[in-house]
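Q: Numbering (this note's numbering), first residue to last: 4 to 145.
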Ligand code: FES
């Protein structure tokens with residue numbers, strides 16, 4: 004049995020039900036773009052996801068525990084990625100993407116910049132970073 008578990012198109016649509024693309028117009032997602040590994044980490048293909056090839060690209064997905072995560076291209080350098088936990092640091096409501104960052108629309112309206120930095124309270128800290136490992140072809144989150 005393979006150590007990695009490919010997500011089929013059905014599991015992407017039905018199982019997770021919450022893999023969202025970033026707002027970058029040329030976003031695309033398909034089988035093999037996001038893989039949940041047996042150790043709970045998530046492997047994201049850069050090559051198969053056009054939105055991650057340029058600065059400002061974002062993809063959203065859930066990890067094995069159902070945590071909402073965004074992987075963001077923060078710079079054009081090969082290591083220019085950041086993964087953030089999308090739970091608001093105020094009281095844990097999931098934030099939503101805007102044209103300039105993130106807002107806790109269903110909570111108390113805290114706002115965060117594109118990279119997760121807090122820009123408006125009542126939250127008092129940035130969205131939490133999640134460790135990543137970057138290679139030329141993929142980013143492993145978790
Ligand atoms: S839960 Fe997000 S601002 Fe309160």
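Every residue, glycine too, gets a C-beta built ideally from N, C-alpha and C.
The model shown is predicted, which means the values in this text are computed figures rather than measured ones.
Can you tell me whether residue 80 is buried or exposed, with buried defined as 16 or more other CB within 10 angstroms of its CB?
A: If you number the chain shown from 1, residue 80 lands on position 77. Classification of residue 80: exposed, given that the 10 Å Cβ count is below 16.
Q: Return helix, strand or coil for residue 41, following the three-state DSSP convention.
A: The sequence position of residue 41 within the chain shown is 38, counting from 1. It is coil, neither helix nor strand.
Q: Any heavy atom of ligand 1 closer than 7 Å to the CB of residue 95?
A: For the purposes of this step, residue 95 is identified with residue 92 of the chain shown, where counting begins at 1. Yes, since a heavy atom of ligand 1 falls inside the 7 Å radius drawn around the Cβ of residue 95.
Q: From what residue to what residue does the beta strand (DSSP E) around residue 143 run?
A: Translated into the one-based positions of the chain shown, residue 143 becomes position 140. Element bounds for residue 143: 141 to 144.
Q: Which ranges does the beta strand (DSSP E) cover as unbroken runs of at least 3 residues, wholly within the stretch 52 to 122, from first to last along the chain?
A: 61 to 65, 71 to 76, 84 to 88, 104 to 106, 114 to 116
Q: Taking 8 Å as the threshold, find out whether the stretch 123 to 141 comes into contact with the stretch 88 to 95 through three or more Cβ pairs.
A: yes
Q: Which one of 75, 47, 134 has the shortest CA to CA distance from residue 103?
A: If you number the chain shown from 1, residue 103 lands on position 100. Out of 75, 47, 134, 75 has the C-alpha closest to the C-alpha of residue 103.
Q: Could you say which of 41, 58, 62 lies nearest to residue 48 if we only look at CA atoms?
A: What you label residue 48 is simply residue 45 of the chain shown in a count that begins at 1. Checked all of 41, 58, 62; the closest Cα to residue 48 is 62.
Q: May I ask you to list the residues that DSSP assigns as paired with residue 135?
A: The residue you call residue 135 lines up with position 132 of the chain shown. Residue 135 has 144 as its beta-bridge partners, per DSSP.
Q: Among the residues of its own chain, which have a CB less than 7 Å from the CB of residue 78, if the five just before and after it don't count?
A: The residue labelled residue 78 in the question sits at position 75 within the chain shown. These residues qualify, in order along the chain: 58.
Q: Looking at the structure shown, is residue 48 part of a helix, part of a strand, or coil, going by DSSP?
A: Walking along the chain shown from the start, residue 48 turns up at place 45. Reduced to three states, the DSSP call for residue 48 is strand.
Q: Among 101, 84, 134, which has the Cα closest to the Cα of residue 56?
A: As a first step, residue 56 must be located in the chain shown, where it is residue number 53. The shortest C-alpha separation from residue 56 is found at 84.
Q: Determine the contact status of residue 2 and residue 133, defining contact as a CB-CB distance below 8 Å.
A: Outside the displayed span of the chain (4 to 145) sits residue 2, for which this structure offers no information.
Q: Taking C-beta to C-beta, are residue 44 and residue 137 nearer than 8 Å?
A: Your numbering for residue 44 matches position 41 in the chain shown. Your numbering for residue 137 matches position 134 in the chain shown. Cβ atoms of residue 44 and residue 137: not closer than 8 Å.
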